[in-house]
Structures are given as C-alpha cells and as structure tokens.
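First to last, the sequence lines map onto chains A and B. Using numbering that gives the first Met the number 0, the first residue of the first sequence is number 0, and each one after it goes up by one. Using numbering that gives the first Met the number 0, the first residue of the second sequence is number 0, and each one after it goes up by one. Beta carbons are placed, not taken as given, at the ideal position from N, Cα and C, and that holds for glycine. For clarity, every value in this text was computed on a predicted model and none was experimentally measured.
Number of protein chains: 2
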Amino acid sequence: MTQIEQSLNGQISGEMRAVAALEPRTSEEIRADIGNGHTVILKSLLHDCAPVGVGKGLKIKVNANIGTSGYNEDPEMELKKLRAAIYYGADAVMDLSTGGDIRAMRKAVIEESRVPVGTVPIYEAIVRQPDVAKITEDDFLSSVAAHIEDGVDFITVHCGIRREYIPLLNGRIMGVVSRGGSFLVKWMMRHGKENPLYTGYDEILAMARKHDVTLSLGDGFRPGCLADATDAAQIAELKTLGGLAERARAAGVQAMIEGPGHVPLDMIKENIELQKRYCGGAPFYVLGPLVTDCSPGYDHLSGAIGGALAAWYGADFLCYLTPMEHLGLPDVTHVVDGVIASKIAAHAADVARGLPGARGRDDAMSRARSNLDWEGMYGLAFNPERARGLRRGTGRDDAEVCTMCGDFCSAKINRECRERYRP
Amino acid sequence: MTQIEQSLNGQISGEMRAVAALEPRTSEEIRADIGNGHTVILKSLLHDCAPVGVGKGLKIKVNANIGTSGYNEDPEMELKKLRAAIYYGADAVMDLSTGGDIRAMRKAVIEESRVPVGTVPIYEAIVRQPDVAKITEDDFLSSVAAHIEDGVDFITVHCGIRREYIPLLNGRIMGVVSRGGSFLVKWMMRHGKENPLYTGYDEILAMARKHDVTLSLGDGFRPGCLADATDAAQIAELKTLGGLAERARAAGVQAMIEGPGHVPLDMIKENIELQKRYCGGAPFYVLGPLVTDCSPGYDHLSGAIGGALAAWYGADFLCYLTPMEHLGLPDVTHVVDGVIASKIAAHAADVARGLPGARGRDDAMSRARSNLDWEGMYGLAFNPERARGLRRGTGRDDAEVCTMCGDFCSAKINRECRERYRP
C-alpha cells in the first residue's frame with residue numbers, strides 16, 4: 000500500500016514515524032495530513048534513502064538541482080555537487096541532466112544519494128528525440144516509466160498545461176521559461192494535439208502508485224519575469240494542477256504543486272494563497288521566487304528573499320537557485336552558495352512561523368557570540384568552513400575580537416560592564 | 000537657512016529641485032515633506048556632493064560602511080572600498096574608522112566622495128580616550144563639533160539611550176551591540192550620570208543647524224539577536240528618539256531614525272509601524288535587519304531578506320551588511336557584495352511599492368533575456384562584471400545559449416514557436 004492508502008486505512012507507516020521523529024508533528028498528525036493531501040513523504044519503494052516529509056507544520060525543506068547539460072557533461076562533477084549539496088543540508092536533490100549518458104548519471108545519483116532524488120523524465124525523452132515532429136506521446140510516457148523504475152523518489156510532470164491555454168501566453172514578455180513546458184507547447188502546436196502528460200495522466204498515476212513515487216506537478220507556465228507574474232496562463236495551469244492533485248489523492252498517489260518563478264514581493268502572499276485554495280492545501284514547491292529580474296550573479300540572493308517570504312506565507316519546499324542561474328551551469332561553490340541561501344530562507348521562515356525549536360539555534364549562536372566563543376559560532380553557522388575561512392583571511396583570527404572593531408568591541412565592553420559595574 | 004527653514008518658509012531650495020529631478024516626487028512635494036520631517040536631504044553646506052533625498056515616496060537608498068579599525072589601518076584600502084561602493088550604486092557612505100589617523104581618513108573620504116558621507120563622531124572620542132574614567136562629556140560633544148566642521152553630511156548620535164533604561168537590558172542575550180551605545184552605557188555606569196549626548200542635545204542641534212547636517216538618531220539599544228528584538232529597551236529608546244526628532248525639526252535640523260539590527264521576519268512590519276508612529280513619520284534607516292543570527296559569511300544575504308521586507312513596509316534607507324559582518328573588516332569584494340545585496344533588496348521593495356518606473360529595468364532585462372541578448376543582460380544587471388565573468392567562466396560564452404540548458408533552451412524554443420507556429 001502507498002502512504003496515502005495506509006493513511007486512509009488508519010495505519011501509521013514506518014516512514015511516517017521516521018518523519019515524525021525529525022519534525023514538530025506527531026506521527027498521527029502526519030498520517031492524517033498525508034491522507035488529506037496536505038503532506039507528502041518523498042521516498043520511492045525502490046530507493047534506499049531517508050524519507051523526507053514536505054507539508055503542513057513541517058520544517059521548510061530545500062532542494063538542490065544538479066545535472067549535466069549538452070555543453071557540460073562531466074558526471075563526476077555532478078556527483079561532487081550532489082555530495083556538497085547534501086553536506087550543507089539539502090533535503091532533496093533533483094538530477095536535471097540533459098547531457099551525456101543521462102540514465103547512467105541518474106542511476107549514480109540514486110545510488111549515492113541518501114536524500115530523496117527527483118527528476119524531470121521528459122527531459123530525457125526530448126534529448127533522445129529533439130525533433131518535435133518525430134517525438135510521440137508514448138515517448139513522453141515511456142520516459143516517466145523509465146525514471147520511476149530506476150528508483151527516483153519524485154518526478155516533475157507538466158500535466159497541467161493544456162492546449163487551450165496557449166493563447167493566454169500571448170501578452171507575455173518571457174513566454175514559457177520552463178524547459179519541459181516550452182517543448183510541450185511546441186509539440187502541441189506542431190501536432191495540434193493535447194498535452195500528452197495531461198491525456199496520459201491516469202497512466203502516470205498508475206506508474207507512480209506502483210512504487211509510491213510522489214508527483215511534483217510542474218508549473219510549465221510559471222512566470223519567467225516580474226511582468227508575467229500571476230497572469231492568466233499561470234492561474235489557468237494552477238487551477239488545473241489542483242484538479243490533478245485531487246485525482247492523484249483519489250488514486251493513492253502523493254502530489255505536490257510546483258510554483259514560480261519570478262514574482263514581485265507584493266504578489267508572493269497572493270500566490271501562496273491561490274495555490275493553497277485551488278490545490279486543496281497540497282504542499283507547494285517554489286523555485287525562488289526571484290523578486291527582481293536584474294540579479295544575474297546574485298539570483299541565489301534574490302531567490303532567498305522571495306523564498307523566505309513564500310515559506311513564511313505557507314510554501315513548504317524551496318528549490319534553490321545558484322549565482323549561475325540565467326548564466327550557465329553552476330560549479331560546486333555555486334551549489335554550496337545556493338544551498339546555504341535557501342537554508343537561510345527556510346530557517347528564517349521556520350523562526351517566523353514559530354516552529355517549535357527553530358529559534359534555538361539562533362539563541363545558541365547569540366550566546367556564543369556574546370561570549371566571543373569563535374568555535375561555538377563556527378559550529379552553529381550554516382557554513383562553518385566559510386565563516387572560519389573569512390575570519391582566517393583577515394590574518395587576525397588569533398585575537399579574541401575581530402578586525403571589524405578591533406579592541407573597540409561591543410561584546411568586550413558588555414563583558415566589562417557585567418564584571419565591573421554589576422557585581 | 001536650513002532645508003527645513005526654507006521649507007517652512009515656502010521656499011523650494013536648489014537641493015530640493017536636484018532631488019526631485021531624480022525621484023518620482025515633485026519639488027513641491029519634497030519641500031512639504033522636509034518641513035513635516037518625512038523626508039531629509041543629506042548634504043552638508045560644507046561638502047560639495049550631490050544631495051540625496053531619503054524619505055516619503057522616494058527611491059529606497061543604500062548606505063555602505065567603510066573605515067579602518069585598530070587591527071586594519073590602511074587608508075588606501077578604505078578609499079578603494081569607497082570607490083567600489085559608489086561605482087556599484089551606494090547612495091551614501093559612512094566612514095566608521097577607528098584605527099590610524101581617523102581625521103585624515105575622514106577628510107580624504109569627504110574630499111573624494113561625490114555621495115553624502117556620514118560618520119559616528121563619538122567613535123573618535125572613545126578611540127582617543129578609551130579610559131572610561133577619564134573621558135568627559137565635553138569630549139563627546141567636541142567630537143560631534145569636529146566632524147561637522149570637517150564637512151560630514153550626516154552623523155550618528157546615540158542621543159536616545161538614557162540611564163534609566165539600562166535595567167531594561169538585563170534580560171538580553173546580546174546586551175548592547177552598538178559600539179557607541181555600549182561605551183555610553185559603560186560611561187553612564189562608571190560616572191553615575193545621564194548620557195551626554197542626551198543632556199547635550201541642544202548643543203548638538205545648534206552645531207548641526209549651522210551647516211545643515213542631518214542627524215541620524217542612533218539606535219544604541221538595537222537588538223543584536225532575534226531573541227532581543229522589539230524588547231523594552233529597544234522600544235524605550237525608540238520613543239525617546241521620536242521626541243528628539245521632533246525637537247530637531249523645531250530647531251530647523253533634519254533627522255532620521257536608525258533601526259535594527261536582528262529581527263525575525265514576522266516582527267519586521269511591527270518594527271516599521273512602531274517607528275513611523277513614535278517618530279512622526281521620520282525617515283527610517285535600518286541595518287539589515289538580519290532574519291537569522293546564524294548566517295556569518297552570508298549576513299549580506301540574510302540582511303537583504305530583512306531589508307527588502309523592511310523597505311517594502313516603509314523603511315527608507317538600508318545600511319548594507321557585508322559577508323564579513325560578525326567576522327572581520329570587509330575587503331573590496333565584500334563591499335561590492337554588500338552593496339549589490341542591498342541594491343537588490345531596495346529595488347525589489349521599490350517594485351513592490353509600485354514606485355513609478357521601478358519595474359522598467361526588470362522588463363528591459365526580461366526582453367533582453369527573451370532575445371538571448373547577452374550584452375543587454377549584462378548592461379541591466381546590478382553587477383555587470385560579475386554576470387559577464389561568471390558566464391565567461393563556463394568557457395562557452397561564445398555560444399548563443401548558456402551551459403545550464405545548452406541547446407535545450409526555453410528562450411530558443413519560444414523563438415521557434417513564434418517563428419514557425421504563429422505566422
């Protein structure tokens with residue numbers, strides 16, 4: 000039985016218990032939320048990884064994308080990124096490879112990763128058959144089957160973009176920025192047919208159910224710039240995704256919803272509220288959102304601003320962005336910066352949501368800082384190596400204080416006040 | 000006459016006109032807002048710099064701190080930081096030097112800077128006489144006079160911390176993290192007297208009025224960690240600052256209010272609302288705020304999250320943080336990262352506030368991106384050199400597309416759709 004089926008049967012699964020052990024929710028609460036679709040547990044029956052809960056009342060999770068491209072096909076480099084992402088706290092990784100031996104890459108990632116692994120199966124179908132005239136409905140569905148059988152824990156499927164929505168794209172500046180979404184639009188225009196991931200949805204559900212793979216219902220029409228945010232195309236797809244999520248639940252398949260993208264600060268709350276309303280409270284998995292289009296080289300930062308807000312307002316799962324977004328494939332240091340940026344956003348949101356225990360880390364850091372306990376500070380930092388390295392780079396990490404204030408250090412002055420004047 | 004006096008006299012000054020030329024406000028609106036204290040223009044009569052408006056309905060401004068410390072006294076390095084900060088768009092700089100020849104440094108910064116320069120005069124007094132027993136009330140006030148006579152445009156003065164508030168600090172984890180604030184507390188405890196910047200406030204006003212220097216009423220009791228945010232000490236000082244701002248206006252002196260610090264996401268709105276209420280709508284100049292205490296090495300990012308929110312909610316002026324905050328004195332690259340992070344936060348807030356023209360840059364970037372016009376994208380980026388350098392580093396900046404997606408590029412697919420299927 001799948002997690003949903005066990006939930007509806009009143010059974011608490013081992014995965015539910017494992018998730019509850021790490022979260023401020025009881026296994027019974029998690030069971031109930033899986034049944035009503037408010038929470039998913041990412042874990043394929045075929046993959047020996049730690050199950051990760053995403054959803055109501057749980058810690059905000061962070062996903063890191065890795066993977067080759069046609070211009071950058073080194074699998075060993077991608078495995079290094081995988082290890083770095085997990086080391087710095089990514090809760091899941093997606094292998095988005097589109098270059099080299101895609102299947103070998105995926106199998107290596109699944110083999111190595113102790114966190115859940117996601118993929119976008121149709122990328123492989125498109126890379127294998129880039130001629131839109133020749134690729135068939137079956138090619139798309141076969142790719143889904145292949146990825147599920149290889150043991151991925153969750154898959155992005157752009158089932159919600161429909162042919163009738165294509166005219167809604169006309170006013171956009173950026174058109175369709177989702178790779179899968181753009182190719183599906185091209186396919187629908189070329190063939191004059193409906194999206195095969197929509198017409199084949201029941202087949203996809205049957206495949207996913209078999210190994211309890213979670214569907215990440217992709218937002219093929221996510222806005223790719225501020226001007227396109229929350230437009231008719233995006234909302235039409237979102238409503239469709241809500242219906243598909245309901246069908247998934249009815250079929251015993253877990254589903255979450257993917258979200259934008261590029262969204263001005265003042266529209267983020269509305270985006271979360273619309274998703275929760277149209278999608279029955281299904282977990283929301285957002286990419287950023289970026290709060291400006293003008294931050295190439297700093298998109299991890301722009302995305303962390305949007306991500307912190309989105310998560311505070313109710314998004315459940317943050318897909319990282321790296322400083323290389325819009326510029327090229329990231330290297331390992333960019334992956335680390337991306338993971339840390341999203342971890343900061345996620346943690347800030349957990350604190351703001353009042354999640355039990357979340358602020359304890361901040362308080363411990365502040366006590367260490369107040370005591371000028373540098374080892375304590377490094378240990379509580381999101382990136383201890385970077386904090387230590389930056390301080391070491393000043394050439395005065397032998398001193399009790401730092402080079403910013405030298406001996407004119409407020410922590411030192413506070414200590415003197417405590418010791419001398421408050422006996 | 001000062002800007003306030005001219006405003007109350009119904010006169011539109013040259014500075015008001017110069018500011019209006021760069022802002023979505025008329026010179027008459029700016030005149031009115033200077034008179035009622037909702038806007039300030041940073042510019043000393045002694046400094047030949049471009050006047051910068053901070054306040055109601057104006058673009059969010061960014062300040063970059065530079066300056067030596069006792070552990071790092073190279074003035075040439077600080078001037079390099081000054082140039083880098085201005086190049087990347089800092090609207091003002093503060094010279095917080097505490098090492099080497101502080102006065103020579105300040106004069107060099109004022110001489111070189113075409114943006115307004117701020118300082119914290121009492122730092123110099125304390126560095127010259129670090130023995131709390133020996134430093135006098137007059138030493139503090141003389142430092143203010145010296146900085147004003149040297150031509151600084153705005154000064155931080157911690158006039159709002161009062162002796163009676165010291166017991167309110169008892170429950171704090173981080174105590175007083177403001178350097179000036181911590182020393183003044185120590186001085187009050189040692190001497191058993193009131194804060195000399197409070198008792199000497201009328202003298203400070205007279206000095207500031209002479210050259211139309213803006214007072215930045217410092218938050219000596221700003222919270223230095225999430226646990227201390229919005230506590231009784233912070234609020235007691237804030238209310239006092241509101242009264243002092245009113246006294247400044249009455250004396251023809253412009254004033255803005257400094258704010259936190261470290262504030263959880265969910266408390267930022269409240270902090271802005273309290274400041275606007277207690278301080279008669281005076282401009283609010285915030286440091287971050289940081290939304291977690293655990294981000295050493297990434298405090299520019301954590302501060303950008305808080306800064307974007309604060310500015311959207313009504314803060315007017317963002318003091319940058321660099322990746323070196325809490326670790327040491329920044330170098331030039333850290334200064335650049337700090338400025339860009341704050342510029343992104345400020346711009347995101349301007350877009351969210353619906354400031355006329357703000358989103359034009361994003362739309363232009365998105366058109367360039369949609370057309371794969373890389374030079375156009377670099378030109379519209381907050382940091383063109385970094386964007387170009389990162390793409391060049393992939394070794395494939397000769398290609399039309401980037402190494403992230405290779406030929407599987409949504410912009411390319413969109414173009415094919417436009418050209419082939421929408422004739």
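Legend entry - Euclidean distance between Cα positions of Glu14 (chain A) and Leu243 (chain B): Here the question's residue 14 (chain A) lines up with position 15 in the first sequence. Here the question's residue 243 (chain B) lines up with position 244 in the second sequence. Between the alpha carbons of Glu14 (chain A) and Leu243 (chain B) lies a gap of roughly 60 angstroms.
Inset, instruction - Using a Cβ-Cβ cut-off of less than 8 angstroms, list which residues of the segment 160-191 of chain A approach chain B; keep chain order. - result: Under the 8 angstroms Cβ criterion, the segment 160-191 of chain A contributes Ile172, Met173, Gly174, Val175, Val176, Ser177, Arg178, Gly180, Ser181, Phe182, Val184, Lys185, Met188, Arg189.
Legend entry - Leu264 (chain A) at chain B interface by Cβ criterion, 8 angstroms: For the purposes of this step, residue 264 (chain A) is taken as residue 265 along the first sequence, with counting starting at 1. At least one chain B Cβ lies under 8 angstroms of Leu264 (chain A).
Inset, instruction - Starting from the C-beta of Asp349 (chain B), find all residues in its chain whose C-beta is less than 7 angstroms away, skip the five residues before and the five after it, and write them out in chain order. - result: Your numbering for residue 349 (chain B) matches position 350 in the second sequence. The residues are Lys58, Ile59, Ala357.
Inset, instruction - Report the option in B:Ala398, B:Gly251, B:Ile40, B:Val143 whose CA atom is closest to the CA atom of Ile3 (chain B). - result: On the second sequence, position 4 is the one that residue 3 (chain B) refers to. Relative to the Cα of Ile3 (chain B), the nearest Cα in the group B:Ala398, B:Gly251, B:Ile40, B:Val143 belongs to B:Gly251.
Inset, instruction - Using a Cβ cut-off of 8 angstroms (strictly closer), state whether His346 (chain A) contacts chain B. - result: Taking the first sequence and counting its residues from 1, the one referred to as residue 346 (chain A) is at position 347. It does; some Cβ of chain B falls within 8 angstroms.
Legend entry - DSSP state of Lys60 (chain B) mapped onto helix, strand, coil: Counting from 1 along the second sequence, the entry for residue 60 (chain B) is found at position 61. Look at Lys60 (chain B) here: in three-state DSSP terms it is strand.
Legend entry - Backbone secondary structure at Met323 (chain B) - three-state DSSP: Taking the first residue of the second sequence as position 1, residue 323 (chain B) is located at position 324. In the structure shown, Met323 (chain B) adopts coil according to DSSP, grouped into three states.
Inset, instruction - State yes or no: is the beta carbon of His46 (chain A) nearer than 8 angstroms to at least one beta carbon in chain B? - result: What you label residue 46 (chain A) is simply residue 47 of the first sequence in a count that begins at 1. With 8 angstroms as the cut-off, His46 (chain A) does not count as an interface residue toward chain B.
Legend entry - Per DSSP, cross-strand counterpart(s) of Tyr284 (chain B): As a first step, residue 284 (chain B) must be located in the second sequence, where it is residue number 285. Checking the DSSP bridge columns, you'll see Tyr284 (chain B) partnered with B:Glu257, B:Phe316.
Inset, instruction - State the DSSP-derived secondary structure class of Thr239 (chain A), mapped to helix, strand or coil. - result: Here the question's residue 239 (chain A) lines up with position 240 in the first sequence. Thr239 (chain A) falls in the helix class under three-state DSSP.
Inset, instruction - Give the straight-line distance between the Cα atoms of Thr67 (chain B) and Met403 (chain A), rounded to the nearest whole angstrom. - result: As a working mapping, residue 67 (chain B) is identified with position 68 in the second sequence. As a working mapping, residue 403 (chain A) is identified with position 404 in the first sequence. Taking the straight line joining both Cα atoms gives about 8 angstroms.
Inset, instruction - Taking 8 angstroms as the threshold, find out whether the segment 230-240 of chain B comes into contact with the segment 203-212 of chain B through three or more Cβ pairs. - result: In short, these stretches do not touch, since the Cβ pair count stays below three.
Legend entry - Residue closest to Gly394 (chain A), alpha-carbon to alpha-carbon, out of B:Gly170, B:Ala344, B:Leu326, B:Ala84: Position 395 of the first sequence holds residue 394 (chain A). Residue B:Leu326 is the option with its Cα nearest to Gly394 (chain A).
Inset, instruction - Taking a Cβ distance cut-off of 8 angstroms, strictly less, list which residues of the segment 93-124 of chain A are near chain C, in chain order. - result: Reference to chain C is not applicable here, since the protein chains of this structure are A and B.
Inset, instruction - Answer yes or no: do Val285 (chain B) and Ala84 (chain B) have a C-beta to C-beta separation smaller than 8 angstroms? - result: In the second sequence, residue 285 (chain B) corresponds to position 286, counting from 1. In the second sequence, residue 84 (chain B) corresponds to position 85, counting from 1. Taking a C-beta distance under 8 angstroms as the contact criterion, Val285 (chain B) and Ala84 (chain B) do not qualify as a contact pair.
Legend entry - With 16 other Cβ atoms within 10 Å as the buried cut-off, status of Thr213 (chain A): Here residue 213 (chain A) corresponds to residue number 214 of the first sequence, with the count starting at 1. By the 10 Å Cβ count, Thr213 (chain A) comes out buried.
Inset, instruction - Out of B:Ala91, B:Ser26, B:Arg105, B:Val53, point me to the one whose CA is closest to Glu75 (chain B)'s CA. - result: For the purposes of this step, residue 75 (chain B) is taken as residue 76 along the second sequence, with counting starting at 1. Measuring from the Cα of Glu75 (chain B), the nearest candidate turns out to be B:Arg105.
Inset, instruction - Assign Glu324 (chain B) to one of two classes, buried (16 or more other C-beta atoms within 10 Å of its C-beta) or exposed (fewer than that). - result: The sequence position of residue 324 (chain B) within the second sequence is 325, counting from 1. Buried is the label assigned to Glu324 (chain B), since at least 16 other Cβ atoms lie within 10 Å of its Cβ.
Legend entry - Below-8 angstroms beta-carbon distance, Ala84 (chain B) vs any chain A residue: Numbered from its first residue, the second sequence carries residue 84 (chain B) at position 85. For Ala84 (chain B), no Cβ of chain A is located within less than 8 angstroms of the residue's own Cβ.
Inset, instruction - Buried or exposed for Tyr197 (chain B), please, with buried defined as at least 16 other CB atoms from any protein chain shown within 10 angstroms of its CB. - result: The residue you call residue 197 (chain B) lines up with position 198 of the second sequence. By the 10 Å Cβ count, Tyr197 (chain B) comes out buried.
Inset, instruction - Helix, strand or coil for Gly9 (chain B), going by three-state DSSP, please let me know. - result: Numbered from its first residue, the second sequence carries residue 9 (chain B) at position 10. Three-state DSSP puts Gly9 (chain B) in coil, outside helix and strand.
Inset, instruction - Taking only beta carbons into account, state which residues of the segment 356-373 of chain A come closer than 8 angstroms to chain B, listed in chain order. - result: Going along the segment 356-373 of chain A in chain order, one finds Arg358, Arg360, Asp361, Asp362, Met364, Ser365, Arg366, Arg368, Ser369 with a Cβ nearer than 8 angstroms to chain B.
Legend entry - C-alpha distance - Arg171 (chain B) paired with Gly34 (chain B), whole-angstrom precision: For the purposes of this step, residue 171 (chain B) is identified with residue 172 of the second sequence, where counting begins at 1. For the purposes of this step, residue 34 (chain B) is identified with residue 35 of the second sequence, where counting begins at 1. When rounded, the distance between both Cα atoms is 38 angstroms.
Legend entry - Contact set for Ala124 (chain B): own chain, Cβ-Cβ below 8 angstroms, skip 5 residues either direction: On the second sequence, residue 124 (chain B) is found 125 positions in, with the first residue counted as 1. When the five nearest sequence neighbours on each side are left out, the beta carbons in the same chain lying within less than 8 angstroms of the beta carbon of Ala124 (chain B) are those of Ile134, Asp138, Phe139, Ser141, Ser142, in order along the chain.
Inset, instruction - Closer than 9 angstroms, Cβ to Cβ, to anything on chain B: give me those residues from the segment 18-33 of chain A, in chain order. - result: Shown here is that no member of the segment 18-33 of chain A has a Cβ falling below 9 angstroms from a Cβ of chain B.
Legend entry - C-beta atoms of Phe316 (chain B) and Asn64 (chain B) nearer than 8 angstroms: Counting from 1 along the second sequence, the entry for residue 316 (chain B) is found at position 317. Counting from 1 along the second sequence, the entry for residue 64 (chain B) is found at position 65. No.
Inset, instruction - Please say whether Gly179 (chain A) and Ile234 (chain A) have beta carbons closer to each other than 8 angstroms? - result: Within the first sequence, residue 234 (chain A) is the residue found at index 235, counting from 1. Within the first sequence, residue 179 (chain A) is the residue found at index 180, counting from 1. Contact flag unset, no.
Inset, instruction - Examine chain B for any beta-carbon lying closer than 8 angstroms to the beta-carbon of Asn8 (chain A), and answer yes or no. - result: Here residue 8 (chain A) is taken as the residue at index 9 of the first sequence, counted from 1. Not one chain B Cβ lies under 8 angstroms of Asn8 (chain A).
Inset, instruction - Closer than 9 angstroms by beta-carbon distance: list the chain B residues that pair up with Cys318 (chain A), in chain order. - result: Residue 318 (chain A) sits at position 319 when you count from the first residue of the first sequence. Using a Cβ-Cβ cut-off of 9 angstroms, Cys318 (chain A) is close to nothing in chain B; its nearest Cβ partner there is about 14 angstroms away.
Inset, instruction - Can you have a look at Asp100 (chain A) and say buried or exposed, based on whether 16 or more other CB atoms are within 10 angstroms of its CB? - result: On the first sequence, residue 100 (chain A) is found 101 positions in, with the first residue counted as 1. Taking all protein chains shown into account, Asp100 (chain A) has fewer than 16 neighbouring C-beta atoms within 10 Å of its C-beta and is therefore exposed.
Legend entry - Cys318 (chain A) versus Ser181 (chain A) - alpha carbon distance: Numbered from its first residue, the first sequence carries residue 318 (chain A) at position 319. Numbered from its first residue, the first sequence carries residue 181 (chain A) at position 182. In this structure, the alpha-carbon of Cys318 (chain A) lies about 20 angstroms from that of Ser181 (chain A).
Legend entry - Spatial neighbours of Leu78 (chain A) in its chain, beta-carbon cut-off 8 angstroms, leaving aside the 5 residues before and after: Taking the first residue of the first sequence as 1, we reach residue 78 (chain A) at position 79. These residues qualify, in order along the chain: Ala107, Val108, Glu111.
Legend entry - Top-ranked residue by Cα proximity to Arg189 (chain A), from A:Ala254, A:Val131, A:Val151, A:Gly199: Along the first sequence, one-based indexing puts residue 189 (chain A) at 190. Taking only the C-alpha atoms, the option nearest Arg189 (chain A) is A:Val131.
Legend entry - Within chain B, partners of Glu415 (chain A) - CB distance below 8 angstroms: Translated into the one-based positions of the first sequence, residue 415 (chain A) becomes position 416. Those within 8 angstroms of Glu415 (chain A) in chain B are Lys185.
Legend entry - Buried versus exposed call for Lys192 (chain A) [16 or more other C-beta atoms within 10 Å across all chains shown]: Translated into positions along the first sequence, residue 192 (chain A) becomes position 193. Lys192 (chain A) is classed as exposed because its beta carbon has fewer than 16 other beta carbons within 10 Å across all chains shown.
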